[in-house]
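Chains as they are written, first to last, in this note's numbering: chain U, 21 to 127; chain D, 23 to 140.
Here the structure comes first, spelled out in structure tokens, and everything after it is commentary.
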């Protein structure tokens with residue numbers, strides 16, 4: 021199975037700050053990586069698919085990049101609604117696997 | 023508007039069965055792969071099952087293979103998850119999700135809670 025290691029697990033940050041979340045795969049996943057945001061009420065939303073394609077309606081301050089085994093999600097200027105949990109997902113190979121999650125919290 | 027509404031959750035004893043349903047609307051259900059994803063309390067997300075458009079192909083991780091069965095009724099725009107031989111570690115919120123632009127889990131339901139306990 022492909023393991024996804026997300027870092028950091030917790031990310032304290034301030035409004036307006038730029039942040040980056042990393043997702044490292046145990047083997048190459050050929051850009052088959054998505055990013056998800058989960059709010060405290062459990063609502064899950066896809067932000068980015070295929071490494072770098074922004075989902076319709078998602079603010080342009082979100083961006084994704086990466087290749088091979090290393091991928092990242094960046095938020096250019098944090099707004100209050102961005103404080104949430106973030107997960108990466110690889111779908112290159114079954115079983116599909118999620119990263120352990122990153123809690124983005126207000127510093 | 024795409025809507026996915028799960029139902030059928032609840033409290034069930036270990037070893038028993040439960041069937042979850044997901045009612046889909048706002049799109050042509052038969053055109054899309056569908057899936058279930060779960061989240062144990064205070065834990066991360068875990069993929070549970072995927073089904074092809076016709077239902078002829080299904081995929082599971084080892085943690086549920088042989089115990090869970092995903093199915094669909096395209097005429098009713100409904101997705102199902104039959105869960106047998108339930109264990110305490112199956113306690114979780116179960117989400118129904120739809121593929122979008124060829125990539126998994128583009129749309130999610132609000133989730134339904136399943137508690138396995140005696």
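For each residue, glycine too, the CB sits at the ideal point set by N, CA and C.
query: Could you name the residues of chain D that residue 107(U) contacts, counting a contact when the two beta carbons are closer than 8 Å?; result: 66, 67
query: Who pairs with residue 46(D) in a beta bridge, going by DSSP?; result: 26(D)
query: Can you name, in chain order, every residue of its own chain whose Cβ lies under 7 Å from the Cβ of residue 127(D), other than the five neighbours on each side?; result: 57, 59, 119
query: DSSP state of residue 102(U), grouped into three classes?; result: helix
query: Helix, strand or coil: how does DSSP classify residue 112(D) here?; result: helix
query: Could you tell me the alpha carbon to alpha carbon distance between residue 19(U) and residue 109(D), rounded to whole angstroms?; result: The question about residue 19(U) has no answer, for chain U in this structure spans 21 to 127.
query: Using a beta-carbon distance cut-off of less than 8 Å, what residues from the region 65–84 of chain U approach chain D?; result: 65, 66, 69, 70, 73, 75
query: Mapping the DSSP letters down to three states, classify residue 106(D) as helix, strand or coil.; result: coil
query: Could you run through the region 78–94 of chain D and flag, in chain order, every residue whose CB is less than 9 Å away from some CB of chain U?; result: 81, 82, 83, 84, 85
query: Can you name, in chain order, every residue of its own chain whose Cβ lies under 6 Å from the Cβ of residue 43(U), other than the five neighbours on each side?; result: 24, 26, 91, 108, 119
query: With C-beta atoms as the reference, is residue 67(D) less than 8 Å away from residue 116(D)?; result: no
query: Cβ closer than 7 Å: which chain D residues qualify as neighbours of residue 103(U)?; result: In chain order: nothing, as chain D lies at least about 18 Å away.
query: So does the region 46–55 of chain D actually touch the region 35–54 of chain U, counting three or more Cβ pairs closer than 8 Å?; result: no
query: Against chain D, does residue 91(U) count as a neighbour if the rule is that its beta carbon must be under 8 Å from one of theirs?; result: no
query: I'd like the list of long-range same chain contacts for residue 105(U), defined as Cβ closer than 6 Å, with 5 residues on each side in sequence excluded.; result: 58, 121, 123
query: Quick check on the DSSP output: the beta strand (DSSP E) that includes residue 65(U) runs from which residue to which?; result: 64–69
query: Starting from residue 24(U) and walking both ways along the beta strand (DSSP E), at which residues does that stretch end?; result: 24–27
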